[in-house]
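*Asks:*
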Amino acid sequence: MAARLPVLNGGSNPPIPREQPNHVVLKSVNKSFGASPVLSAVDFAIPYGQFVALIGKSGCGKSTLLRLVAGLETPSEGQILIDGAPLQGQNSGARVMFQDARLLPWKRVRDNVGIGRQGNWRDEADQALTEVGLLDRADDWPAVLSGGERQRVGLARALVSKPRLLLLDEPMSALDALTRIEMQRLIERLWHEHGFTVLLITHDVEEAVALADRVALLERGKIALDTKIELARPRQRTIAEFGQYEAKILEQVLGPAEE
Amino acid sequence: MTSTANRNSRNRSENAIVHLLLSWSVPAVAIISWQLLAVHGVISSRILPAPSVVFAAGERLWHNGQLQSAIAISSERAGLGFLIGGGIGFLLGLLNGLSRIAETLLDSSVQMLRNIPHLALIPLVILWFGIGEPAKLFLVTLGVFFPIYLNTFHGVRSIDPALREMASVYGVKSWSLFWNVILPGAMPSVLVGVRYALGLMWLTLIVAETIAGDSGIGYITMNARDFMQTDVVLLGIVVYAVLGKAADAMARLLERVLLKWQPAYQS
Ligand SMILES: Nc1ncnc2c1ncn2[C@@H]1O[C@H](COP(=O)(O)OP(=O)(O)OP(=O)(O)O)[C@@H](O)[C@H]1O
Ligand SMILES: [Mg+2]
Chain A
14 MAARLPVLNG GSNPPIPREQ PNHVVLKSVN KSFGASPVLS AVDFAIPYGQ
64 FVALIGKSGC GKSTLLRLVA GLETPSEGQI LIDGAPLQGQ NSGARVMFQD
114 ARLLPWKRVR DNVGIGRQGN WRDEADQALT EVGLLDRADD WPAVLSGGER
164 QRVGLARALV SKPRLLLLDE PMSALDALTR IEMQRLIERL WHEHGFTVLL
214 ITHDVEEAVA LADRVALLER GKIALDTKIE LARPRQRTIA EFGQYEAKIL
264 EQVLGPAEE
Chain B
1378 MTSTANRNSR NRSENAIVHL LLSWSVPAVA IISWQLLAVH GVISSRILPA
1428 PSVVFAAGER LWHNGQLQSA IAISSERAGL GFLIGGGIGF LLGLLNGLSR
1478 IAETLLDSSV QMLRNIPHLA LIPLVILWFG IGEPAKLFLV TLGVFFPIYL
1528 NTFHGVRSID PALREMASVY GVKSWSLFWN VILPGAMPSV LVGVRYALGL
1578 MWLTLIVAET IAGDSGIGYI TMNARDFMQT DVVLLGIVVY AVLGKAADAM
1628 ARLLERVLLK WQPAYQS
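One line per chain: the protein sequences are A and B, in this order. Sequence positions in the first sequence follow the working numbering and run 14 to 272. Sequence positions in the second sequence follow the working numbering and run 1378 to 1644.
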């Protein structure tokens, strides 16, 4: 599959420095809370425009890694480079989608999407809502939305600033199977159109194989597996290769089957 | 489709009327039997004059202007005390909720003072201020302050940290954070404090006016007691009840407007 070229959407984003191919680099990053280490000497690089899925057992430090990249936590040791420069404070070019949508219940959908924006944010918000197919709910309160709709509003909110890096922390894990597939397609399509870099955390191996250019497994504080998924898009979940990727990753996650 | 909608809405308004009738039926029966018992001399008019007599007393006081001026004075005291005490409580609650330093410095002192029942200060307040306006204003202010302070503080502190984190990821800071996240997030709790404070406001004012009054509704009732005018005493009680109800209705309206995003207030 051809390497994805970074796409610039105009707007307020600074130009991408082209001397180096990687959007995000973790350089021997350690992170511990008190005495307990969560990440130990993690080296990981994400090229511009790549869709990376990070999987791993619960509590292995996936969210911690994502929060480090977002600048919500600082590494205990090591460095995080964004566009080749060390990350200081919050990563303003990145947007995070959380497992729960985290909408402000006292703001209507449109105001939630436009939060933190200035200028003609209403039009921008409406445009983002159109992209996720929820423009007709712009004047509703979040309380009346379904779980899937809330996550789509969360996605619109993440998109409205035209981020170059999207950090998704299990945004689909609370959705039912059908809504989840719909949401996966939506994210894939928007990624295709906008060309941002994606780090998706998931515990669903099928989701990882369906969406990602590359799947990484986090285990005992280290990247234990890092495979490219060389399947053409749109991906058919029913073909044999898909199952082979899935089986290979699952085996690594669960360890070899014992008799 | 439309006809079902019509039928539904008609059903709903019929339900509302039935509900209204039912909820007022018990007080209505009580007042009618009270009137009958009083008219037939079963209850002595010294103890409990008939509702019609109380109403007549109200008319009398209205015509000579006493009632209006008493209501105006009492309401003004209540409102002013509420604004001062509520304002200080709200600002201090915000300050201590937002700043750990302010909390360490001030909160434990406020908590200590809270344990003194403010009505216990009446003798002291009379010594300080006499029985004039400042005494009553001071007591109402004090009574209103604590519930608003506590609920504002609690409201700010109980805002979901996940929402604050989301706000910071989306670049919402300082004034915008306060206006878009902290204030609306604390509002449900603040309004609980407001309703509680309105109750305390009237209670404090009644006690203050009764004990240390030279004007206002409490004064009228105490004065009437001296002349054994039970009807006027009852009138004063009714007026207090009506004013209390009005304040409560205002608080409800405020909730309806400010918390319209809550599912309970929708549709
Ligand atoms: N702020 C914190 N303080 C202390 N410990 C923390 C903190 N954040 C995370 N941890 C610990 O770090 C470990 C990894 O947490 P993390 O949230 O990254 O796991 P995860 O891989 O995202 O798990 P899940 O799949 O369940 O979301 C856990 O043991 C957790 O208890
Ligand atoms: Mg997690």
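In this text, a Cβ means the ideal position worked out from N, Cα and C, and glycines have one as well.
Under 8 Å Cβ to Cβ from A:E219, same chain only, skipping five residues before and after it: list those, please.
*Replies:* As a working note, residue 219 of chain A is residue 206 in the first sequence. Closer than 8 Å at Cβ, skipping near neighbours: R250 and E259.
*Asks:* Looking at the structure shown, is A:G257 part of a helix, part of a strand, or coil, going by DSSP?
*Replies:* Reading the first sequence from its first residue, position 244 is the one you call residue 257 of chain A. Correcting the residue type first, residue 257 of chain A is Gln in the shown sequence and not Gly. If DSSP states are grouped into helix, strand and coil, A:Q257 belongs with the helices.
*Asks:* In the stretch 1535-1558 of chain B, which residues sit with their C-beta less than 9 Å from some C-beta in chain A, listed in chain order?
*Replies:* D1537, A1539, L1540, E1542, M1543, A1544, S1545, V1546, Y1547, G1548, V1549, K1550, S1553, N1557 and V1558
*Asks:* Please state whether DSSP places A:G24 in a helix, a strand or coil.
*Replies:* Here residue 24 of chain A refers to the residue found at position 11 when the first sequence is read from its first residue. Since pLDDT at A:G24 reaches only 40, below the 50 mark, its modelled position is unreliable, and the value read off the structure follows with that caveat. Three-state result, A:G24: coil.
*Asks:* Using the rule of at least 16 other Cβ atoms within 10 Å of the residue's Cβ for burial, across every protein chain shown, is B:A1574 buried or exposed?
*Replies:* For the purposes of this step, residue 1574 of chain B is identified with residue 197 of the second sequence, where counting begins at 1. Classification for B:A1574: buried.
*Asks:* Please confirm whether A:I95 has its beta-carbon closer than 8 Å to some beta-carbon of chain B.
*Replies:* On the first sequence, residue 95 of chain A is found 82 positions in, with the first residue counted as 1. Output row for A:I95: interface = no.
*Asks:* Tell me, to the nearest whole angstrom, how far the beta carbon of B:A1512 is from that of B:V1502; I am working on the premise that it is less than 8 Å.
*Replies:* In the second sequence, residue 1512 of chain B corresponds to position 135, counting from 1. In the second sequence, residue 1502 of chain B corresponds to position 125, counting from 1. Their Cβ separation, rounded to whole angstroms, is 5 Å, which keeps B:A1512 and B:V1502 in contact under 8 Å.
*Asks:* With a cut-off of 8 Å, do at least 3 Cβ pairs link the stretch 1538-1549 of chain B to the stretch 1591-1600 of chain B?
*Replies:* no
*Asks:* To the nearest whole angstrom, what separates the beta carbons of A:P299 and A:N43, a pair I think is in contact under 8 Å?
*Replies:* Outside the shown range of chain A (14 to 272) lies residue 299 of chain A, about which nothing can therefore be said.
*Asks:* Is any beta-carbon of chain B found at less than 8 Å from that of A:G106?
*Replies:* Locating residue 106 of chain A in the first sequence gives position 93, where the first residue counts as 1. Taking Cβ atoms only, chain B never reaches closer than 8 Å to A:G106, which makes this a no.
*Asks:* I'd like to know if the stretch 153-171 of chain A and the stretch 181-188 of chain A are in contact, where contact means that at least 3 CB-CB pairs between them fall below 8 Å.
*Replies:* In this structure the stretch 153-171 of chain A touches the stretch 181-188 of chain A; the number of beta carbon pairs closer than 8 Å is three or more.
*Asks:* Got a list of residues with beta-carbon closer than 5 Å to any non-hydrogen atom of ligand 1, in chain order?
*Replies:* In chain order, the qualifying residues are A:F46, A:V51, A:S71, A:G72, A:C73, A:G74, A:K75, A:S76 and A:T77.
*Asks:* Only counting the same chain, and skipping five residues up and downstream in sequence, which positions put a Cβ closer than 6 Å to that of B:M1599?
*Replies:* Indexing the second sequence from 1 puts residue 1599 of chain B at position 222. Result list for B:M1599: T1587, in chain order.
*Asks:* For ligand 2, is there a heavy atom less than 7 Å away from the beta-carbon of A:E183?
*Replies:* Stepping through the first sequence from its first residue, residue 183 of chain A is reached at position 170. A:E183: yes, Cβ under 7 Å from ligand 2.
*Asks:* Could you compute how far the alpha carbon of B:A1415 sits from the alpha carbon of B:L1398?
*Replies:* As a first step, residue 1415 of chain B is located in the second sequence; it is residue number 38 there, counting from the start. As a first step, residue 1398 of chain B is located in the second sequence; it is residue number 21 there, counting from the start. The straight-line gap from Cα to Cα measures roughly 25 Å.
*Asks:* Between B:V1533 and B:L1469, is the Cβ-Cβ spacing less than 8 Å?
*Replies:* Your numbering for residue 1533 of chain B matches position 156 in the second sequence. Your numbering for residue 1469 of chain B matches position 92 in the second sequence. Cβ atoms of B:V1533 and B:L1469: not closer than 8 Å.
*Asks:* Any beta carbon from chain A within less than 8 Å of B:P1524's own beta carbon?
*Replies:* In the second sequence, the residue the question calls residue 1524 of chain B occupies position 147. Chain A, which has no Cβ nearer than 8 Å to the Cβ of B:P1524, makes this no.
*Asks:* Between A:V55 and A:S41, what straight-line distance do the alpha-carbon atoms span, to the nearest angstrom?
*Replies:* Looking up residue 55 of chain A in the first sequence gives position 42. Looking up residue 41 of chain A in the first sequence gives position 28. Approximately 5 Å between the Cα atoms of the pair.
*Asks:* In whole angstroms, give me the CA-to-CA distance for A:G24 and A:R80.
*Replies:* Within the first sequence, residue 24 of chain A is the residue found at index 11, counting from 1. Within the first sequence, residue 80 of chain A is the residue found at index 67, counting from 1. Here the model assigns A:G24 a pLDDT of 40, short of 50, so the residue's position is not dependable and the matter cannot be decided.
*Asks:* In this structure, how does DSSP classify A:E144 when only helix, strand and coil are distinguished?
*Replies:* Numbered from 1 along the first sequence, position 131 holds the residue referred to as residue 144 of chain A. Helix at A:E144.
*Asks:* Given this structure, state the Cα-to-Cα distance separating B:A1563 from A:E206, to the nearest angstrom.
*Replies:* In the second sequence, counting from the first residue as 1, residue 1563 of chain B sits at position 186. In the first sequence, counting from the first residue as 1, residue 206 of chain A sits at position 193. Approximately 40 Å between the Cα atoms of the pair.
*Asks:* With B:F1522 as the anchor, note down where its alpha helix (DSSP H) starts and where it stops.
*Replies:* Counting from one through the second sequence, the residue named residue 1522 of chain B turns up at place 145. E1510 to R1534 is the extent of the alpha helix (DSSP H) around B:F1522.
*Asks:* DSSP three-state label for A:I242, please.
*Replies:* Taking the first sequence and counting its residues from 1, the one referred to as residue 242 of chain A is at position 229. Looking at A:I242 - three-state DSSP - the assignment turns out to be coil, as it is neither helix nor strand.
*Asks:* Given a cut-off of 8 Å on the beta-carbon distance, is the pair A:A221 and A:A58 in contact?
*Replies:* Residue 221 of chain A sits at position 208 when you count from the first residue of the first sequence. Residue 58 of chain A sits at position 45 when you count from the first residue of the first sequence. Not closer than 8 Å, so no.
*Asks:* Which residues in the same chain as B:A1427 place their Cβ atom closer than 8 Å to its Cβ, once the five residues preceding and following it in sequence are excluded?
*Replies:* Looking up residue 1427 of chain B in the second sequence gives position 50. Here the set comprises W1411, Q1412, A1415 and V1416.
*Asks:* Exposed or buried, which one is A:V38 when buried takes at least 16 other CB atoms within 10 Å?
*Replies:* What you label residue 38 of chain A is simply residue 25 of the first sequence in a count that begins at 1. By the neighbour-count rule (16 or more Cβ atoms within 10 Å), A:V38 is buried.
*Asks:* Determine the DSSP secondary structure at A:P19, reduced to helix, strand or coil.
*Replies:* Within the first sequence, residue 19 of chain A is the residue found at index 6, counting from 1. At A:P19, the pLDDT of 44 sits below 50, so the modelled position is not reliable and the matter cannot be decided from this model.
*Asks:* Can you tell me the Cβ-Cβ gap for B:A1447 and B:L1582, rounded? I've got them flagged as a contact below 8 Å.
*Replies:* For the purposes of this step, residue 1447 of chain B is taken as the residue at position 70 of the second sequence. For the purposes of this step, residue 1582 of chain B is taken as the residue at position 205 of the second sequence. With 8 Å as the limit, B:A1447 and B:L1582 do not qualify as a contact, their Cβ atoms being about 12 Å apart.
*Asks:* Kindly indicate which three-state DSSP category A:A190 falls into: helix, strand or coil?
*Replies:* Taking the first sequence and counting its residues from 1, the one referred to as residue 190 of chain A is at position 177. A:A190: helix per DSSP, three-state reduction.
*Asks:* Residues of chain B with a CB under 8 Å from the CB of A:F111: which are they?
*Replies:* Counting from 1 along the first sequence, the entry for residue 111 of chain A is found at position 98. Chain B residues near A:F111: A1539 and M1543.
*Asks:* Can you give me the C-alpha to C-alpha distance between A:Q92 and A:I236, rounded to a whole angstrom?
*Replies:* For the purposes of this step, residue 92 of chain A is identified with residue 79 of the first sequence, where counting begins at 1. For the purposes of this step, residue 236 of chain A is identified with residue 223 of the first sequence, where counting begins at 1. Using only the alpha carbons, I get a separation of about 16 Å.
*Asks:* Does any C-beta atom of chain B lie closer than 8 Å to the C-beta of A:R227?
*Replies:* As a first step, residue 227 of chain A is located in the first sequence; it is residue number 214 there, counting from the start. By this cut-off, A:R227 is not an interface position.
*Asks:* Report the start-end ranges of each alpha helix (DSSP H) in the stretch 51-83 of chain A that is 4 residues or longer and not cut off at the edges.
*Replies:* 75-83
*Asks:* From the DSSP output, read off the bridge partner residues of A:I214.
*Replies:* For this step, residue 214 of chain A is matched to residue 201 along the first sequence. A:L67 and A:D182.
*Asks:* Exposed or buried, A:M110, counting other C-beta atoms within 10 Å across all chains shown (16 or more means buried)?
*Replies:* For the purposes of this step, residue 110 of chain A is taken as residue 97 along the first sequence, with counting starting at 1. Its Cβ being crowded by 16 or more others within 10 Å, A:M110 is buried.
*Asks:* Just the C-alpha distance for B:L1516 and B:L1560, rounded to the nearest angstrom, thanks.
*Replies:* Sequence index remark: in the second sequence, residue 1516 of chain B carries index 139 (1-based). Sequence index remark: in the second sequence, residue 1560 of chain B carries index 183 (1-based). Computed Cα separation, rounded: 28 Å.
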